[in-house]
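Reading through the structure tokens given below for one structure.
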Amino acid sequence: NEDEEQQGEGVLSVTPGDDGTLELLQAFSDEEGNSDRSVVIVKDGTLRPVRGERTIIDRKEDRRVVARTLYGDLRPDTFGVRIAQLTFSPAASTDASDTRCSPLSIDEDYFYDNDASLFLWRTLRFEQGYTVTYTNVIAGRRDKRAITLRVRKQEKVTTAAGEFDAWAVGIEGEGRETQRAWFATTPDHKLLAYNNSEGQVFLYAGEAEQPDPDPPGDLPEKCRG
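Structure follows, in structure tokens:
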């Protein structure tokens with residue numbers, strides 16, 4: 110957190126699929142058994158989302174909340190994302206205690222899934238002053254908003270893995286900068302540090318073992334129509 114107390118650890122990974130897609134995984138957890146895991150299947154080359162799943166486990170409340178997404182035509186003339194929100198209480202239950210279907214219409218151009226952001230931002234044109242705006246879909250909140258990215262300047266960043274040259278990028282929502290991220294100046298542009306708007310700081314700690322692929326689950330039948 111902002112007081113420099115370690116809250117947990119996480120792994121980010123990219124796994125190529127056999128059908129021209131990529132699996133983008135973020136898996137965070139702490140010693141108390143809380144976890145936040147998201148998987149987004151995107152099209153290779155564009156990173157446009159196809160489907161996804163985010164699972165949050167709250168050990169104190171003994172609850173598991175799952176949001177699944179499927180992008181495509183909602184109706185013949187409307188594009189969007191179908192969202193299924195499932196709550197499991199207790200967390201280990203296999204039957205959802207609550208299921209909600211929340212379709213959201215979006216424009217077909219320039220949209221991306223919020224859970225793919227830390228991967229998407231690595232594909233920026235890293236030159237000082239470069240600015241781009243796109244539509245960010247936050248499926249778990251059934252929300253969409255314009256996000257503007259601004260490449261600021263090169264800086265030194267120090268993490269547990271060492272000192273790195275980095276590009277600082279400002280992330281703006283609703284007309285003001287609320288977050289900042291730092292990416293390596295090397296061609297891989299790996300994420301080195303990320304300060305979000307919730308008082309959390311993520312720092313690069315080194316290379317991790319590649320996890321096994323874990324694709325998103327299917328939407329419940331009642332959320333597909």
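Numbering (my numbering), first residue to last: 110 to 334. No residue lacks a Cβ here, since even glycine has one placed at the ideal position from N, Cα and C.
Measuring only the C-alpha atoms, how far is residue i from residue j?
| i | j | result |
| --- | --- | --- |
| Asn-304 | Val-190 | 28 Å |
| Glu-281 | Gly-154 | 25 Å |
| Asp-224 | Lys-169 | 24 Å |
| Pro-199 | Cys-210 | 21 Å |
| Arg-104 | Tyr-221 | In the structure displayed, the chain extends from 110 to 334; residue 104 sits before or after that span and is not available. |
| Pro-118 | Tyr-180 | Strictly speaking, residue 118 in this sequence is Glu, with Pro absent from that position. Cα to Cα, the separation comes out at about 30 Å. |
| Asp-274 | Phe-228 | 19 Å |
| Phe-311 | Pro-158 | 24 Å |
| Ala-293 | Pro-185 | 43 Å |
Which residue from the options puts its Cα closest to that of residue i?
| i | options | result |
| --- | --- | --- |
| Asn-245 | Tyr-239, Arg-163, Leu-258 | Leu-258 |
| Asp-323 | Gly-284, Val-123, Glu-286, Gln-237 | Val-123 |
| Leu-183 | Glu-264, Thr-203, Leu-156, Ile-215 | Ile-215 |
| Ile-166 | Ser-202, Glu-113, Lys-299 | Ser-202 |
| Asp-252 | Leu-131, Pro-212, Pro-296 | Pro-212 |
| Gly-308 | Arg-250, Ser-138, Arg-289 | Arg-289 |
| Arg-333 | Arg-177, Ala-293, Asp-204 | Arg-177 |
| Arg-163 | Asp-171, Val-151, Arg-157, Arg-146 | Arg-146 |
| Asp-128 | Ile-150, Asp-112, Asp-139 | Ile-150 |
| Ile-256 | Gly-238, Gly-279, Asp-321 | Gly-279 |
| Arg-285 | Pro-296, Thr-242, Asn-110 | Thr-242 |
| Asp-218 | Lys-299, Gly-315, Leu-156 | Leu-156 |
| Glu-141 | Ala-314, Asp-112, Asp-171 | Asp-171 |
| Ser-206 | Val-175, Leu-233, Ile-192 | Val-175 |
| Leu-301 | Asn-143, Ile-247, Pro-329, Glu-264 | Glu-264 |
| Ser-321 | Val-120, Asp-139, His-298 | The sequence given here has Asp at residue 321, not Ser. For the residues Val-120, Asp-139, His-298, the minimum Cα distance to Asp-321 belongs to Val-120. |
Quick one: using the 10 Å Cβ neighbour count with 16 as the cut-off for buried, is residue i buried or exposed?
| i | result |
| --- | --- |
| Arg-254 | exposed |
| Ala-270 | exposed |
| Ala-317 | exposed |
| Ser-306 | exposed |
| Thr-267 | exposed |
| Thr-187 | exposed |
| Arg-231 | buried |
| Gln-319 | exposed |
| Gly-161 | buried |
| Ser-226 | buried |
| Pro-125 | exposed |
| Gln-194 | buried |
Opposite residue i in the DSSP bridges: which residues?
| i | result |
| --- | --- |
| Trp-291 | Ala-277, Ala-302 |
| Ser-122 | Leu-134 |
| Gln-263 | Trp-276 |
| Ser-214 | Gly-189 |
| Val-246 | Asp-222, Lys-253 |
| Thr-155 | Answer is none; Thr-155 lacks a bridge partner. |
| Ala-176 | Arg-163, Gln-194 |
Please check the pair residue i and residue j, which I expect to be a contact at CB under 8 Å, by giving their CB distance rounded to whole angstroms.
| i | j | result |
| --- | --- | --- |
| Phe-197 | Arg-173 | 4 Å |
| Leu-134 | Val-148 | 5 Å |
| Phe-235 | Trp-276 | 5 Å |
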